[in-house]
Amino acid sequence: MNKTPLKPPLAVYDAGMQDRLSITAWKVMVEELVEFQELILRLLHRNVAGQVRQSFLGYFWIAMPPLATALVFSMLQRSNVLAVHLPDGSMPYTLFALIGATIWGFFSQVTSMATQSVFGAGLLVSKIYFPREVLVVSGVGNALVNLMIRLGVILLSFLLSGYAPHWQIVFAPLLLIPVFAFALGLGLFFAPIHTIMNDTGRILEFLLSFGMYLAPTVYPTPSLGDATSVWGRSLFWLHSLNPVSHYMYAINDLIEKGTFVWTTGLTASTIIAFTSLLVGWRFFHVCEPLLAERI
Numbered sequence: 004m005n006k007t008p009l010k011p012p013l014a015v016y017d018a019g020m021q022d023r024l025s026i027t028a029w030k031v032m033v034e035e036l037v038e039f040q041e042l043i044l045r046l047l048h049r050n051v052a053g054q055v056r057q058s059f060l061g062y063f064w065i066a067m068p069p070l071a072t073a074l075v076f077s078m079l080q081r082s083n084v085l086a087v088h089l090p091d092g093s094m095p096y097t098l099f100a101l102i103g104a105t106i107w108g109f110f111s112q113v114t115s116m117a118t119q120s121v122f123g124a125g126l127l128v129s130k131i132y133f134p135r136e137v138l139v140v141s142g143v144g145n146a147l148v149n150l151m152i153r154l155g156v157i158l159l160s161f162l163l164s165g166y167a168p169h170w171q172i173v174f175a176p177l178l179l180i181p182v183f184a185f186a187l188g189l190g191l192f193f194a195p196i197h198t199i200m201n202d203t204g205r206i207l208e209f210l211l212s213f214g215m216y217l218a219p220t221v222y223p224t225p226s227l228g229d230a231t232s233v234w235g236r237s238l239f240w241l242h243s244l245n246p247v248s249h250y251m252y253a254i255n256d257l258i259e260k261g262t263f264v265w266t267t268g269l270t271a272s273t274i275i276a277f278t279s280l281l282v283g284w285r286f287f288h289v290c291e292p293l294l295a296e297r298i
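My numbering applies: residue 4 is where the sequence shown begins, and numbers increase by one.
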């Protein structure tokens with residue numbers, strides 16, 4: 004008896020793909036996130052609990068990375084291995100490095116978690132339908148929780164060091180909103196690519212680790228007038244071209260001087276940040292029907 008060979012199912016892309024390219028898709032994208040907010044909260048709770056489950060030190064490990072970075076570079080600076088000199092009236096170097104490492108760590112973590120969120124939930128994606136943005140939002144929500152813990156460590160460090168920041172420090176978290184938008188946009192853009200090429204996440208993590216030194220994280224940016232050496236001028240331009248750097252400048256000014264100046268660099272960085280979010284989210288939404296096949 005002849006049997007007809009079974010053919011593998013064909014992926015069919017209908018006119019619904021065109022709807023994802025239309026202007027009205029933005030409304031649908033927002034409505035889907037609101038509709039699935041309960042699932043987002045459940046996944047967020049699972050992610051946060053998973054970090055400290057069966058861990059003796061628990062939340063200490065969340066606070067440890069920027070704290071360890073600050074302490075290591077502080078020891079190098081005190082032993083003159085690292086030639087870093089902050090201007091008069093600046094905060095202690097350990098606090099400077101702790102704040103810089105916290106901001107860059109937040110940016111890196113949001114980018115990495117958003118990029119890897121879909122691929123890391125492959126079984127869930129292939130079995131159940133829900134907007135895949137839910138995975139990204141719950142993942143970066145985890146980074147926000149980590150940030151709040153690390154900000155608490157910074158406040159405690161102010162108390163222990165005896166350094167009194169200006170009261171305008173309360174506005175500093177607002178400057179992290181564009182940083183979050185920029186990182187989320189990058190993560191949304193790279194998440195579909197990561198499902199096709201697994202190396203994307205590793206390459207991105209390497210670039211983010213290296214990028215810490217292209218921002219005023221553990222050493223300040225010299226002014227162009229003071230940058231007399233080739234290294235000093237290169238450092239100035241590298242820091243200036245990094246969008247995250249300008250928010251670090253602004254936050255340090257709020258802490259040390261109690262002032263805020265809206266510079267051209269901040270304007271350009273904010274435009275880049277929110278453009279990144281819009282482009283990344285739209286790209287992710289267009290690619291969403293293909294994600295389950297690629298995992």
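Every residue gets a Cβ at the ideal spot worked out from N, C-alpha and C, and that includes glycine.
Quick caveat, the model's predicted, so the values are computed rather than measured.
In this structure, Gly53 sits away from Ala117, with a CB-CB distance that is not shorter than 9 Å.
Taken atom to atom, the span from the alpha-carbon of Gln171 to that of Glu291 is near 42 Å.
If the five residues before and after Tyr250 are omitted, its C-beta is found closer than 8 Å to the C-beta atoms of Ile106, Leu178, Leu179, Pro181, Val182, Leu269, Ser272, all from its own chain and listed in chain order.
Taking Asn201 as the centre and dropping the five residues before and after it, the same chain places the C-beta of Phe122 closer than 8 Å to its C-beta, in chain order.
Remark: C-beta atoms of Ala186 and Thr262 do not approach each other more closely than 9 Å. The beta-carbon distance between Gly92 and Glu259, rounded to whole angstroms, is 7 Å. This is short enough to meet the 8 Å contact definition.
Tyr132 and Arg81 have their C-alpha atoms some 55 Å from each other. Cβ-Cβ distances below 7 Å link Ile206 to nothing in the same chain once the five nearest sequence neighbours on each side are left out.
Between Val87 and Val221, the gap from beta carbon to beta carbon is short of 9 Å. CA-CA distance, Ser279 to Phe192, rounds to 8 Å. Note on Phe99: 16 or more other CB atoms within 10 angstroms of its CB, so buried under the neighbour-count rule. Considering only Trp284, Arg285, Val264, Leu257, the residue with the shortest C-alpha distance to Met94 is Leu257. Pairing Val140 with Leu36 gives a Cβ-Cβ distance under 9 Å.
Cβ-Cβ distances below 7 Å link His197 to Thr118, Gln119, Phe122, Thr203, Gly204 in the same chain, with the five nearest sequence neighbours on each side left out; the list follows chain order.
At a Cβ-Cβ threshold of 9 Å, Thr267 and Ala253 do not count as neighbours. In the displayed model, Leu85 falls within coil according to three-state DSSP, outside both helix and strand.
Residue environment for Ser77: buried (at least 16 other C-beta atoms within 10 angstroms of its C-beta). DSSP, reduced to helix, strand and coil, places Tyr250 within a helical segment of the structure shown. For Gly123, no alpha helix (DSSP H) encloses it, and the DSSP letter there is neither H nor E.
Leu101 is positioned such that its CB atom lies no closer than 9 Å to that of Ala124. Excluding the 5 residues flanking it on each side, Ser212 has no same chain C-beta neighbour closer than 7 Å.
Beta-carbon to beta-carbon, Val156 and Leu70 are separated by about 6 Å, close enough to satisfy the 8 Å threshold.
Restricting attention to Leu154, Thr97, Asn255, Pro246, the CA atom closest to the CA of His169 is found in Asn255. DSSP places His197 inside the alpha helix (DSSP H), whose first and last residues are 175 to 199.
Sorting Glu136, Phe63, Leu150, Ala184 by C-alpha distance to the C-alpha of Ile43 places Glu136 at the top.
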